[in-house]
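The structure under discussion appears below in the form of structure tokens.
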């Protein structure tokens, strides 16, 4: 049986891409398999997968419920699950629902416990090509993979052959691989301590400032 859940990938990728160092790659995440391809019309299809050591229903709930999502994806989130519902999140732990720079993805289709598709409704102002990003539709398929394991396959369509979409494809190629890796870690190592993570980020920023880095 397959299930599709999308939210985490696109949401996490928005911030992950902004924070990345020089030219990161999908290959930075060896657990992620890249089966991306190009359609006959030249559109690129981003397709990545990973195997997670957890039951499919548990993984589904980790990405489709508010309680599950904040364990690994973002420190602030609210998921209004349903057709036309909104997944709203922020990587800023001090953000509040309704803030203009929150990430909002609309649920455009789903089958309960089996699949879901989303399309971006709001992205941070500093996301390059944010208007083009709203044309991308993202899906993530979940299928049973051996005893107690789940194969998660993310598929994103709509990357037309233009410079703007090429940039987005590169941005989210790495970002979505990062997302899948983080989802797996939420089961192998447990939930993220967001306060500790924020403290580490602040310490690194201070160190970079002392060393003259941007």
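Residue numbers (this note's numbering): 11 to 224.
Glycine included, every Cβ here is placed at the ideal spot set by N, Cα and C.
Below 8 angstroms on the Cβ atoms is my guess for residue i versus residue j; work out the distance and round it to an integer in Å.
i, j, result
"residue 55", "residue 165", "7 angstroms"
"residue 75", "residue 89", "6 angstroms"
"residue 34", "residue 184", "5 angstroms"
Enumerate in chain order the residues of its own chain whose CB-to-CB distance from residue i is below 7 angstroms, with the five nearest sequence positions on each side excluded.
i, result
"residue 194", "41, 60, 62"
"residue 174", "139, 142"
Residue i: which of the options sits nearest, CA to CA?
i, options, result
"residue 87", "67, 106, 70", "106"
"residue 70", "214, 219, 190", "190"
"residue 161", "50, 52, 65, 51", "65"
"residue 83", "100, 58, 171", "100"
"residue 91", "58, 104, 125", "125"
"residue 138", "172, 177, 108", "177"
"residue 144", "130, 67, 192", "130"
"residue 36", "173, 219, 182", "182"
"residue 114", "102, 123, 134, 127", "134"
"residue 136", "187, 38, 110", "110"
Where does residue i sit, in a helix, a strand or coil, going by DSSP?
i, result
"residue 90", "coil"
"residue 148", "strand"
"residue 59", "strand"
"residue 165", "strand"
"residue 116", "strand"
"residue 54", "strand"
"residue 107", "coil"
"residue 125", "strand"
"residue 36", "helix"
"residue 49", "coil"
"residue 99", "strand"
Spatial neighbours of residue i within its chain, please: CB distance less than 8 angstroms, with the 5 preceding and 5 following residues excluded, ordered by chain position.
i, result
"residue 95", "89, 116, 117"
"residue 196", "72, 81, 82, 202"
"residue 127", "14, 16, 117, 118, 119, 120, 147, 148, 149"
Return no unless some Cβ of chain B is closer than 8 angstroms to the Cβ of residue i.
i, result
"residue 126", "Chain labels in this structure do not include chain B; a single protein chain is all it has."
For residue i, collect the residues of the same chain with a Cβ closer than 6 angstroms to its Cβ; drop the 5 residues on either side in sequence, then sort them by chain order.
i, result
"residue 170", "53"
"residue 93", "none"
"residue 167", "55, 147"
* Report yes or no: do the segment 150-158 and the segment 43-57 share at least 3 C-beta pairs separated by less than 8 angstroms? => no
* **At least three beta-carbon pairs within less than 8 angstroms, the segment 111-130 to the segment 138-151** => yes
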